[in-house]
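For what it's worth, the numbering used here labels the leading residue of the sequence shown as 9, then goes sequentially. So the structure is just underneath, and the comments pick up after that.
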Amino acid sequence: MGFLKKRTNRKLNYFIYLIYVTGAVASISVIGFFGYTTYNYFLFQKKIFTLNKIIILDRNMSLKEKNKIIGISGLSKGDNLVGINTKRVSRLIASDMWVKDVTVYKKYPDKIIIILKQRNIFAMIANNGNLYYINRDGYVLGRADYGKGYGYPIVTGLNADNAGSYFDRLKKVLYFLKISKFSVIYNLIGEINIERDGGIAVYTDNGLYIKFGINNYKNKLKTLKKLFYEINKIHIKYKNYINLEYKNEAVIEVNSGSRVLPAKYKNLFIRPDVYK
9 MGFLKKRTNR KLNYFIYLIY VTGAVASISV IGFFGYTTYN YFLFQKKIFT
59 LNKIIILDRN MSLKEKNKII GISGLSKGDN LVGINTKRVS RLIASDMWVK
109 DVTVYKKYPD KIIIILKQRN IFAMIANNGN LYYINRDGYV LGRADYGKGY
159 GYPIVTGLNA DNAGSYFDRL KKVLYFLKIS KFSVIYNLIG EINIERDGGI
209 AVYTDNGLYI KFGINNYKNK LKTLKKLFYE INKIHIKYKN YINLEYKNEA
259 VIEVNSGSRV LPAKYKNLFI RPDVYK
């Protein structure tokens, strides 16, 4: 009898324990459900954190450009800040050809911060009668317009029919523009042309035509600087043509009554009164 009584008590205790566990699980489930519902209601439906301001950090952007970025982002004033997917917003903004890098983050309680790095215009290329902006890597940014201006060197002579030739020529032009950045003609370059032989020729804004040939551009830019110095020093009158195709030599077409500088003029001392 004692054994049966103990066995019955164990069953009863197990049954009571099971009731407690079931009740606890049910209570936790109810609390969790109501907690989640409350959380979802207050954060998503009540919109406790509402987007009131979008800040774009880029000092070089105009108001029109910033509004364009906001339009691309898909963000709107009054959006629920909690529900905004910043990765998606970043991808949308990065789809703009002018955007190089973008970072988007939330600043509670009511702001979205957008940090932008834009691609800068380096030059323009001519293609089928149109002008297009490119950056220093040759990336096409879009058609040139009055909004961003036309005050950039124009690249001509690219062969668009042959992709390999086109990119090789563009690469050469971009290299020339980069190394000429601190030269005497950088701010004067109006057009840079790849000629049929693959050489580079520059047309300046003041009407000067300069042939640089195929290579040794760094040395030729130094030669040009020295040439300008000597021309100004001894007041040579010359036509709007300079040929730098030959290494360490400069050929100019002088006006009648003037003389041509010696081929190795850089190593000579020239008196200021020689060509008067």
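Where is the CB? At the ideal position from N, CA and C, for every residue including glycine.
Next item on the list: Compare the Cα-Cα distances from residue 137 to each of 252, 121, 128, 163 and report the closest residue.
Entry: As a first step, residue 137 is located in the sequence shown; it is residue number 129 there, counting from the start. Looking at the Cα atoms, 163 is the closest of the given residues.
Note to self: If you follow the alpha helix (DSSP H) that residue 95 is in, where does it begin and where does it stop?
What the structure shows: For this step, residue 95 is matched to residue 87 along the sequence shown. Run containing residue 95: 94-102, per the alpha helix (DSSP H) assignment.
Item checked: Rounded C-alpha distance that separates residue 65 from residue 135 -> Within the sequence shown, numbered from 1, the residue matching residue 65 stands at position 57. Within the sequence shown, numbered from 1, the residue matching residue 135 stands at position 127. In a straight line, the C-alpha of residue 65 is about 34 Å away from that of residue 135.
Next item on the list: Compute the Euclidean distance between the alpha carbons of residue 145 and residue 225, then round it to the nearest angstrom.
Entry: Translated into the one-based positions of the sequence shown, residue 145 becomes position 137. Translated into the one-based positions of the sequence shown, residue 225 becomes position 217. Straight-line Cα distance between these residues: approximately 19 Å.
Checklist line | Option in 105, 161, 152, 204 with minimal Cα separation from residue 174 | finding: The residue given as residue 174 occupies position 166 in the sequence shown. Ranking 105, 161, 152, 204 by CA distance to the CA of residue 174 puts 204 first.
Note to self: Alpha carbons only, please: which of 72, 58, 127 is nearest the one belonging to residue 155?
What the structure shows: For the purposes of this step, residue 155 is taken as residue 147 along the sequence shown, with counting starting at 1. Among 72, 58, 127, the Cα nearest to that of residue 155 is on 72.
Note to self: Please return the same chain residues whose Cβ sits closer than 8 Å to the Cβ of residue 149, not counting the five positions on each side in sequence.
What the structure shows: Working through the sequence shown from its first residue, we reach residue 149 at position 141. Result list for residue 149: 105, 106, 127, 129, 140, 141, 142, 143, in chain order.
Next item on the list: Please report the Cβ distance between residue 177 and residue 193, rounded to the nearest whole angstrom; I am assuming they are in contact, meaning their Cβ atoms lie under 8 Å.
Entry: As a position in the sequence shown, residue 177 is number 169, starting the count at 1. As a position in the sequence shown, residue 193 is number 185, starting the count at 1. That belief does not hold up - the Cβ atoms of residue 177 and residue 193 are roughly 20 Å apart, past 8 Å.
Note to self: Out of 125, 95, 119, 92, which one is the CA nearest neighbour of residue 68?
What the structure shows: The count along the sequence shown starts at 1 and reaches residue 68 at position 60. Residue 125 is the option with its Cα nearest to residue 68.
Next item on the list: Entirely within the segment 167-198 and at least 4 residues each: give me those alpha helix (DSSP H) ranges in chain order.
Entry: 171-187
Next item on the list: Count the other C-beta atoms from every protein chain shown that fall within 10 angstroms of the C-beta of residue 116, then say buried if there are 16 or more, exposed otherwise.
Entry: Against the sequence shown, residue 116 aligns to sequence position 108. Residue 116 is exposed by the Cβ-count criterion.
Check: Anyone know if the C-beta pair for residue 184 and residue 208 falls short of 8 Å?
Finding: Within the sequence shown, numbered from 1, the residue matching residue 184 stands at position 176. Within the sequence shown, numbered from 1, the residue matching residue 208 stands at position 200. Cβ distance < 8 Å, so residue 184 and residue 208 count as in contact.
Check: Taking DSSP as the reference, what is the three-state secondary structure of residue 247?
Finding: For the purposes of this step, residue 247 is taken as residue 239 along the sequence shown, with counting starting at 1. If DSSP states are grouped into helix, strand and coil, residue 247 belongs with the strands.
Checklist line | residue 220, buried or exposed, once every other Cβ within 10 Å from all chains shown has been counted against 16 | finding: Reading the sequence shown from its first residue, position 212 is the one you call residue 220. Buried: at least 16 other Cβ atoms inside 10 Å.
Notebook entry, point to check: Three-state secondary structure (DSSP) at residue 213?
Noted result: Counting from 1 along the sequence shown, the entry for residue 213 is found at position 205. The DSSP-derived three-state label of residue 213 is coil.
Next item on the list: Assign residue 206 to one of three DSSP states: helix, strand, or coil.
Entry: Looking up residue 206 in the sequence shown gives position 198. Note: residue 206 maps to coil in three-state DSSP.
Item checked: Residue range of the unbroken beta strand (DSSP E) whose run includes residue 138 -> Walking along the sequence shown from the start, residue 138 turns up at place 130. Start and end: 138-142.
Check: Of the choices 198, 189, 147, 179, whose alpha-carbon is the least far from that of residue 158?
Finding: As a working mapping, residue 158 is identified with position 150 in the sequence shown. For the options 198, 189, 147, 179, the alpha carbon positioned closest to that of residue 158 is the one of 198.
Notebook entry, point to check: Which residues in the same chain as residue 110 place their Cβ atom closer than 8 Å to its Cβ, once the five residues preceding and following it in sequence are excluded?
Noted result: Sequence index remark: in the sequence shown, residue 110 carries index 102 (1-based). Its chain contains 98, 101, 102, 122, 123, 124, 125 as the residues whose beta carbon lies nearer than 8 Å to that of residue 110, once the 5 sequence neighbours on both sides are disregarded; these appear in chain order.
Check: Is DSSP giving residue 73 helix, strand or coil here?
Finding: For this step, residue 73 is matched to residue 65 along the sequence shown. Residue 73 falls in the helix class under three-state DSSP.
Notebook entry, point to check: When every heavy atom of the ligand PLP is checked, does at least one fall within less than 7 Å of the C-beta of residue 104?
Noted result: Ligands in the displayed structure: none, and consequently the ligand PLP is not present.
Checklist line | Cut-off 7 Å between Cβ atoms - residues of its own chain near residue 94, not counting five sequence neighbours on either side | finding: Numbered from 1 along the sequence shown, position 86 holds the residue referred to as residue 94. Excluding the 5 residues flanking it on each side, residue 94 has same chain C-beta neighbours closer than 7 Å at 112, 113, 114, in chain order.
Note to self: Considering Cα atoms alone, identify which of 167, 260, 151 is closest to residue 131.
What the structure shows: Numbered from 1 along the sequence shown, position 123 holds the residue referred to as residue 131. Answer by Cα proximity: 151.
Notebook entry, point to check: residue 56 and residue 83: beta carbons closer than 8 Å?
Noted result: In the sequence shown, residue 56 corresponds to position 48, counting from 1. In the sequence shown, residue 83 corresponds to position 75, counting from 1. Cβ distance not < 8 Å, so residue 56 and residue 83 don't count as in contact.
Notebook entry, point to check: Between the C-alpha atoms of residue 217 and residue 77, what's the straight-line distance to the nearest angstrom?
Noted result: Within the sequence shown, the letter at position 209 stands for residue 217. Within the sequence shown, the letter at position 69 stands for residue 77. Roughly 42 Å separates the two Cα atoms.
Item checked: residue 153 versus residue 181 - alpha carbon distance -> Translated into the one-based positions of the sequence shown, residue 153 becomes position 145. Translated into the one-based positions of the sequence shown, residue 181 becomes position 173. Distance between the alpha carbons of residue 153 and residue 181: 22 Å.
Note to self: Helix, strand or coil, according to DSSP, for residue 113 in the structure here?
What the structure shows: Along the sequence shown, read from residue 1 onward, the residue named residue 113 stands at position 105. Strand.
Notebook entry, point to check: How many Å lie between residue 191 and residue 63 at the Cα?
Noted result: By 1-based counting over the sequence shown, the position of residue 191 is 183. By 1-based counting over the sequence shown, the position of residue 63 is 55. Cα to Cα, the separation comes out at about 39 Å.
Check: Under the rule that 16 or more other beta-carbon atoms within 10 Å means buried, what is residue 188, buried or exposed?
Finding: Residue 188 sits at position 180 when you count from the first residue of the sequence shown. So residue 188 ends up on the buried side.
Check: Ordered along the chain, which non-local residues of its own chain (more than five positions away) have a Cβ less than 7 Å from that of residue 108?
Finding: Translated into the one-based positions of the sequence shown, residue 108 becomes position 100. Excluding positions up to five away in sequence, the list reads 125, 126, 127.
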